[in-house]
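Chemist: Just so it is clear: in the sequence shown, position 255 is 1293 by the numbering used here, and no numbers are missing.
Built from N, CA and C at the ideal position, the CB exists for glycine as well.
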Amino acid sequence: MTADLIIRNARPFGGPVEDLFIRDGRYVAADRVHAAVEIDAAGHIALPGFVEAHTHLDKTLIGMDWFENRVGPTRNDRILADRNAKRELGIDARRQSARQIMQTLAFGVLSIRSHVDVDTEIGIANIEGVLETREALGDLVDVQIVAFPQSGMLPRAGTLELMDAALKTGADIVGGIDPASIERDPVRHLDTIFALADRHGKPVDIHLHEPGDLGAFCLELIVERTRALSLQGRVMVSHAYCLGTLDTSRQAGLIDQLAAERIAVMTVGSPSAPALPLRLMRRSGLTVASGSDGIQGTWEPYGNGDMLERARYLAQRNGMANDADLEDVARICTFGGAEGIGLGGYGLCEGCFADLVLVPARTLAEAVALTPQGRTVIRRGRVVVKGGEPAGDLPTIE
Ligand SMILES: [Zn+2]
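Rendered as structure tokens:
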């Protein structure tokens, strides 16, 4: 059992200095902690562990040879190149997912939702690989697995059966993909994945890149199905580019509908689409989460998985400079993500899991603007990264 822990002089979410008391992996009242180990946070900002609400753990090339990317400009070019690369490079989903998790642990990422490919070439091998990693690294990070039909579901016979098998094997969430431009049949695609979710009692997470009216139509179909199946709080739309391209009254109407059904939106602040109206989304009570999407993969070579850098990027992408906005993007990468992916026991209050990251900064806005490294990461009351360096007996990844 881990010893009780007292963290002196921390500033929860950038507020006044406090001491935090931890017993059995959770925050408790001061008088419940005895014979504790103490650490001095020296006034650093204490944030609950960052939430990576959208990545692709099975596709990162971290630690592998440089991949010379010759992919064409369209999404279908990328899907084809990605499938070919998986075959040619022999990407080992178990090893690669472990590499990404250990890399982002040092940044303070303690919860991850990963889309994992299911298709008729690889079957559910990648799901099984990421499940193995989740089992091995479960003490360090929570991992949710989305069964994701990257290559399309309706046009590729056999994919739906593989999705079903992935969910039976341990995937947590039903994934969907562009119901019109890839699936060519929005109603049938959404009916199929929502039926799958209903049958398995699982949440839904849909990649939706469709622009303008086409995207808005798909969002309306998602709202209808969420309401019909009482899936409020269990549906996420990833990207939702259309929200950035509609006129303002249409934008506001759709955002209100999403908020009413407690459908979360995940945005990475993609540079390849107009920025989403973050302030309006937050003001409307919509749950907004963020993520890195694929990092260092065959889709694109960028990214390191640091969710504090993602917060800064979201702020820059939305032309934000004032401190309150910077604090709000930090909230998106922590509490927003936790709500979006349905984490229990998340936060910095008594009773919550003691999963936190100490960031050396004077204010939360400064933390977002400068993204300092040298962070200390605590998982269930155990120091796993100290000043940016692995602490304790962390597993070594091949
Ligand atoms: Zn994605």
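Could you compute how far the alpha carbon of Pro1193 sits from the alpha carbon of Glu1199?
Modeler: Along the sequence shown, one-based indexing puts residue 1193 at 155. Along the sequence shown, one-based indexing puts residue 1199 at 161. About 13 Å.
Chemist: Using 7 Å as the threshold, is the C-beta distance between Phe1232 and Gly1213 below it?
Modeler: Numbered from 1 along the sequence shown, position 194 holds the residue referred to as residue 1232. Numbered from 1 along the sequence shown, position 175 holds the residue referred to as residue 1213. No, the Cβ-Cβ distance between Phe1232 and Gly1213 is not below 7 Å.
Chemist: If you measure from the CB of Asp1331, is any heavy atom of ligand 1 nearer than 6 Å?
Modeler: Translated into the one-based positions of the sequence shown, residue 1331 becomes position 293. Yes, Cβ of Asp1331 sits closer than 6 Å to a heavy atom of ligand 1.
Chemist: Who are the near neighbours of Asp1437 in its chain, counting only those whose CB is closer than 7 Å to its CB and skipping five residues on each side?
Modeler: Nothing about residue 1437 can be reported from this structure: the residues present for the chain run from 1039 to 1436 only.
Chemist: Opposite Ile1215 in the DSSP bridges: which residues?
Modeler: By one-based count along the sequence shown, residue 1215 stands at place 177. For Ile1215, which the question treats as bridged, DSSP gives the partners His1245.
Chemist: Just the C-alpha distance for Trp1104 and Val1055, rounded to the nearest angstrom, thanks.
Modeler: Counting from one through the sequence shown, the residue named residue 1104 turns up at place 66. Counting from one through the sequence shown, the residue named residue 1055 turns up at place 17. Approximately 45 Å between the Cα atoms of the pair.
Chemist: With a threshold of 8 Å on Cβ separation, who are the neighbours of Asp1439 within its own chain once the five nearest residues in sequence on each side are excluded?
Modeler: A query on residue 1439 cannot be resolved here, the shown segment of the chain reaching from 1039 to 1436 and no further.
Chemist: Considering only residues of the same chain and omitting the five flanking positions on each side of Gln1270, which have a CB-CB separation below 6 Å?
Modeler: By one-based count along the sequence shown, residue 1270 stands at place 232. These residues qualify, in order along the chain: Glu1299 and Arg1300.
Chemist: Looking at the strands, I want to know which residues DSSP matches up with Tyr1351.
Modeler: Along the sequence shown, one-based indexing puts residue 1351 at 313. None, per the DSSP bridge assignment.
Chemist: Let me know the secondary structure DSSP gives Lys1424 once reduced to three states.
Modeler: Taking the sequence shown and counting its residues from 1, the one referred to as residue 1424 is at position 386. If DSSP states are grouped into helix, strand and coil, Lys1424 belongs with the strands.
Chemist: Answer yes if the region 1147 to 1159 comes into contact with the region 1173 to 1185, meaning at least three C-beta pairs across the two stretches below 8 Å, and no otherwise.
Modeler: Counting Cβ pairs under 8 Å, three or more are found: they touch.
Chemist: Determine the DSSP secondary structure at Ser1276, reduced to helix, strand or coil.
Modeler: For the purposes of this step, residue 1276 is identified with residue 238 of the sequence shown, where counting begins at 1. Note: Ser1276 maps to strand in three-state DSSP.
Chemist: Rounded C-beta distance between Leu1085 and Val1423? I'm assuming under 8 Å.
Modeler: Here residue 1085 corresponds to residue number 47 of the sequence shown, with the count starting at 1. Here residue 1423 corresponds to residue number 385 of the sequence shown, with the count starting at 1. That belief does not hold up - the Cβ atoms of Leu1085 and Val1423 are roughly 14 Å apart, past 8 Å.
Chemist: Which of the three DSSP states, helix, strand or coil, is assigned to Glu1299?
Modeler: For this step, residue 1299 is matched to residue 261 along the sequence shown. The answer is coil: DSSP assigns Glu1299 none of H, G, I, E or B.
Chemist: Could you give the residue range of the alpha helix (DSSP H) that holds Ile1435?
Modeler: In the sequence shown, the residue the question calls residue 1435 occupies position 397. No alpha helix (DSSP H) holds Ile1435; DSSP gives it neither H nor E.
Chemist: What are the residues that DSSP puts in a beta bridge with Pro1050?
Modeler: Reading the sequence shown from its first residue, position 12 is the one you call residue 1050. Its beta-bridge partners are Ala1084.
Chemist: If you compare alpha carbons, which of Ala1362, Thr1336 and Ser1328 is closest to Tyr1351?
Modeler: Locating residue 1351 in the sequence shown gives position 313, where the first residue counts as 1. It is Ser1328.
Chemist: Using the Cα positions of Leu1175 and Val1421, report the straight-line distance between them to the nearest angstrom.
Modeler: Here residue 1175 refers to the residue found at position 137 when the sequence shown is read from its first residue. Here residue 1421 refers to the residue found at position 383 when the sequence shown is read from its first residue. Cα-Cα distance, rounded: 15 Å.
Chemist: Which word fits Asn1034, buried or exposed, when buried means at least 16 other C-beta atoms lie within 10 angstroms of its C-beta?
Modeler: Given a span of 1039 to 1436 for the chain in the structure shown, any question on residue 1034 remains unanswerable.
Chemist: Thinking just about the alpha-carbon of each residue, which of Met1191, Gly1167 and Pro1241 is nearest to the one in Arg1222?
Modeler: By 1-based counting over the sequence shown, the position of residue 1222 is 184. That would be Met1191, whose Cα lies nearest to the Cα of Arg1222.
Chemist: Assuming Ile1439 is part of the alpha helix (DSSP H), what are its boundary residues?
Modeler: Given a span of 1039 to 1436 for the chain in the structure shown, any question on residue 1439 remains unanswerable.
Chemist: Quick one, are the C-beta atoms of Val1306 and Val1326 less than 7 Å apart?
Modeler: Residue numbering aside, residue 1306 sits at position 268 when the sequence shown is read from its first letter. Residue numbering aside, residue 1326 sits at position 288 when the sequence shown is read from its first letter. Result no, Cβ atoms of Val1306 and Val1326 do not sit closer than 7 Å.
Chemist: Between the Cα of His1072 and those of Ala1041, Gly1052, Val1089 and His1094, spot the shortest distance and give me the residue it belongs to.
Modeler: Taking the sequence shown and counting its residues from 1, the one referred to as residue 1072 is at position 34. If we check each option's Cα against that of His1072, Ala1041 comes out closest.
Chemist: My guess is that Ile1162 and Ala1203 are in contact by the Cβ rule of under 8 Å, so how many angstroms apart are they, rounded?
Modeler: For this step, residue 1162 is matched to residue 124 along the sequence shown. For this step, residue 1203 is matched to residue 165 along the sequence shown. So it is a contact: roughly 5 Å between Cβ atoms.
Chemist: Pick from Lys1097, Met1140 and Val1089: whose alpha carbon is nearest that of Glu1427?
Modeler: Position 389 of the sequence shown holds residue 1427. Here the closest residue by C-alpha is Met1140.
Chemist: Going by alpha carbons, who is nearest to Thr1264 out of Glu1436, Gly1052, Tyr1384 and Pro1241?
Modeler: For this step, residue 1264 is matched to residue 226 along the sequence shown. The shortest Cα separation from Thr1264 among Glu1436, Gly1052, Tyr1384 and Pro1241 belongs to Pro1241.
Chemist: Can you give me the C-alpha to C-alpha distance between Gly1341 and Asp1120, rounded to a whole angstrom?
Modeler: Counting from one through the sequence shown, the residue named residue 1341 turns up at place 303. Counting from one through the sequence shown, the residue named residue 1120 turns up at place 82. For Gly1341 and Asp1120, the distance between alpha carbons rounds to 17 Å.
Chemist: Using a 10 Å radius around the Cβ and a threshold of 16 neighbouring Cβ atoms, would you call Ala1353 buried or exposed?
Modeler: Translated into the one-based positions of the sequence shown, residue 1353 becomes position 315. Under this definition Ala1353 is a buried residue.
Chemist: Within the region 1332 to 1388, note down every full alpha helix (DSSP H) run reaching 4 residues or more, in order along the chain.
Modeler: Here the runs fully enclosed are 1345 to 1355, 1361 to 1369 and 1375 to 1379.
Chemist: I'd like to check one pair, His1153 with Pro1398: are the Cβ atoms closer than 7 Å?
Modeler: For this step, residue 1398 is matched to residue 360 along the sequence shown. For this step, residue 1153 is matched to residue 115 along the sequence shown. Not a contact, by the Cβ cut-off of 7 Å.
Chemist: Between the Cα of Leu1437 and those of Asp1363, Ala1297, Glu1248 and Val1273, spot the shortest distance and give me the residue it belongs to.
Modeler: Because the chain spans 1039 through 1436 in this model, residue 1437 falls outside it and cannot be assessed.
Chemist: Nearest to Asp1096 by alpha carbon, out of Pro1111, Leu1381, Gln1134 and Ser1322?
Modeler: Here residue 1096 corresponds to residue number 58 of the sequence shown, with the count starting at 1. Nearest of Pro1111, Leu1381, Gln1134 and Ser1322 to Asp1096, Cα basis: Gln1134.
Chemist: For the alpha helix (DSSP H) that Arg1172 lies in, which residues bound it at each end?
Modeler: Start at 1 with the first residue of the sequence shown, and residue 1172 comes out as number 134. Run containing Arg1172: Ala1163 to Leu1175, per the alpha helix (DSSP H) assignment.
Chemist: Is DSSP giving Val1179 helix, strand or coil here?
Modeler: As a first step, residue 1179 is located in the sequence shown; it is residue number 141 there, counting from the start. The answer is coil: DSSP assigns Val1179 none of H, G, I, E or B.
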